[in-house]
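Protein sequence lines correspond, in order, to chains A and B. Start counting the first sequence at 1; every next residue gets the next number (the numbering used here). Start counting the second sequence at 204; every next residue gets the next number (the numbering used here). Heads up, the thing below is written out as structure tokens.
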Amino acid sequence: MKRIIIFLSVAAFAVAGQYDKVKITPEISYIYVYHKGKAVKIHRIQDTKNKLTGEYAKTYHPGHPIQPIKINDKVRTIGEVELLSFLKNKVNKKEGLLVDLRSKAYYKKESIPGAVNIPFKVINDHDKMEKIIRVLGAKRLADGTLDASKARTVAFYCHGLWCKKSAAFIKAFLKLGYPADKILYYRGGFQMWKILGFTTVTN
Amino acid sequence: MKQIMIALGAAACMLQAATVEITDGVPFVEVKGDDGKTYKIEREQRPGSYLTNTYALTSRPSPPFFIQPFEAAPKVETYGELELLDFIKNHQGVFIDARLPNWYYKSAIPTARNIPFKIFLNDTPEREAVLKSLGVVYDRDGEYDFKNAKELLFYCNGAWCGQSPTAIHALIEIGYPPEKLKYYRGGMQAWQLLGLTTIIPKKEQ
């Protein structure tokens, strides 16, 4: 473990500057996140002429209403800077989970590093929903209430500003008793992640 | 020929049925601007449309461009598109495009007033005039009085643009109540990615 840490810090030193042309914030050029046990470096595409193309550059989305900025007054909506800090400080320490709610096919093709896939349709399966909440560390008590004092914080995302999956799923989570202050909503979703040139992984 | 006409008619009907709404039950929003004109704001209705202009660029050089935090400052509410549309429809306050004029005159969100962020940075006669137009007055001691100051909603180019946050910070520094300041972080980039209507503002004489 110690050797890995030394290696990582040397590596970080050696590539200092490599991702400085297009940084994330004035202080941060990249972060490491564990994705399925492997360290993945999240940075931004450094080619300043690069344009987003393909599916996520589409502007025509029939049947997909624009989503409000927040779910309710208690669930926090976050942007990329907050998501990265969540990945670094919570997900990497297994104190938080980033959930991609898109279908399995979309997730397999490309996702945010550090994200696990829970396809939205699981929402219709009560037993599976209960199991997810249990895996996250919440306990269903004998009187039916949920003890989430040791539960992990979960951040949700889906396709983007016009995708209603996150809002609906978060509402279902709240209904099951999951506390609002342990839920985060990355409203920008995969589309904003892509248009800002952030690293993605295939699964 | 007749058959083709019928087929076309049916296709047109189907297209019409598939109107891309802003949100459920809201196909478009009409807003009256300061110029007295009414602007219709809707989403992209043409299948197969993509964002291809400069707002499709993923990677602006830093500095000066960095990803902005979700909140511009404590107590300053971040808005999305629906909240923005409510703000301008209800004439809740002043909707401000904080970009430099060369950006604004290329394309802007309908009914926005261009007040470049730089104006807010220094105590100049120009800033005095702008503050006055926003409802800021002086009290007896010659200090700013923001009691009747208007609500302001700022936007610029997008999540990577620091211009509106800079304007917001400068206003808070001179005492503008943060509760009266709103920030549309998505900016021109998110607006266009959603296929929402933009205009090319006419230059004032």
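C-beta: ideal position from N, C-alpha, C; glycine also.
Check	Outcome
What does the alpha-carbon distance come out to for the pair B:Tyr-253 and A:Gly-54?	8 angstroms
Are A:Tyr-178 and A:Ile-133 touching if we call contact CB-CB under 8 angstroms?	yes
Tell whether a beta-carbon distance below 8 angstroms holds between A:Leu-98 and A:Ile-112.	yes
Let me see if you follow: with CB-CB separation under 8 angstroms, is A:Gly-189 close to chain B or not?	no
Please classify B:Gly-283 as buried or exposed, where buried requires at least 16 other C-beta atoms within 10 Å of its C-beta.	buried
Do the region 370-377 of chain B and the region 262-274 of chain B touch if we need at least three Cβ pairs shorter than 8 angstroms?	no
For B:Phe-273, which residues in chain A fall below 8 angstroms Cβ to Cβ?	Thr-77, Ile-78, Gly-79, Val-81 and Glu-82
What first and last residue would you give for the beta strand (DSSP E) that runs through A:Arg-76?	76-78
Quick one: is B:Gly-239 buried, meaning 16 or more other Cβ sit within 10 Å of its Cβ, or exposed?	exposed
Is the beta carbon of A:Phe-190 sitting closer than 8 angstroms to the one on A:Tyr-30?	no
Would you call A:Gly-226 buried or exposed, if buried means 16 or more other Cβ atoms sit within 10 Å of its Cβ?	Shown here, chain A extends from 1 to 203; a query on residue 226 of chain A therefore has no answer.
Going by alpha carbons, who is nearest to A:Thr-77 out of A:Thr-200, A:Tyr-157 and A:Leu-196?	A:Tyr-157
Quick one: what does DSSP say B:Ala-214 is sitting in, helix, strand or coil?	Low per-residue confidence applies at B:Ala-214: pLDDT is 49, beneath 50, and the placement is therefore not dependable enough to give any value.
Excluding the 5 residues preceding and the 5 following A:Lys-165 in the sequence, name in chain order all residues of the same chain whose CB lies nearer than 6 angstroms to its CB.	Leu-101, Phe-120 and Cys-158
Are A:Leu-146 and A:Gly-188 closer than 8 angstroms when you measure CB to CB?	no
Are any of the Cβ atoms in chain B nearer than 8 angstroms to that of A:Ala-167?	no
Any beta-carbon of chain B closer than 8 angstroms to the one on A:Val-10?	At A:Val-10, the pLDDT of 49 sits below 50, so the modelled position is not reliable and the matter cannot be decided from this model.
Going by C-alpha to C-alpha distance, which of B:Tyr-379, B:Leu-337 and B:Ile-312 sits closest to B:Val-297?	B:Leu-337
Output the distance between the C-alpha atoms of A:Leu-184 and B:Gly-398, rounded to the nearest integer angstrom.	26 angstroms
Under a Cβ-count criterion, where at least 16 other Cβ atoms within 10 Å of its own Cβ denotes burial, should B:Asn-360 be classed as buried or exposed?	buried
Comparing C-alpha positions only, which one of B:Gln-395, B:Gly-365, B:Lys-406 and B:Glu-245 sits nearest to B:Ala-275?	B:Gly-365
Pull up the DSSP beta-bridge partners for B:Glu-233, would you.	B:Lys-243
Going by beta-carbon coordinates alone, are A:Val-75 and A:Arg-44 separated by less than 8 angstroms?	no
When burial is assigned at 16 or more other CB atoms within 10 Å of the CB, is A:His-35 buried or exposed?	buried
For chain B, check one thing: does any of its Cβ atoms lie closer than 8 angstroms to the Cβ of A:Leu-136?	no
Alpha carbon to alpha carbon, how far is B:Arg-291 from B:Val-234?	For the sequence presented, residue 291 of chain B should be read as Ile rather than Arg. Their backbone Cα atoms lie some 7 angstroms apart in a straight line.
Where does the unbroken beta strand (DSSP E) through A:Tyr-32 begin, and where does it stop?	31-35
Compute the distance between the beta-carbons of A:Gly-114 and A:Val-91, then report whether it is under 8 angstroms.	yes
Assign A:Val-22 to one of three DSSP states: helix, strand, or coil.	coil
Whole angstroms are fine: how far does the CA of B:Pro-313 sit from the CA of A:Pro-65?	20 angstroms
Would a C-beta distance cut-off of 8 angstroms place B:Pro-381 and B:Pro-277 closer than the cut-off?	yes
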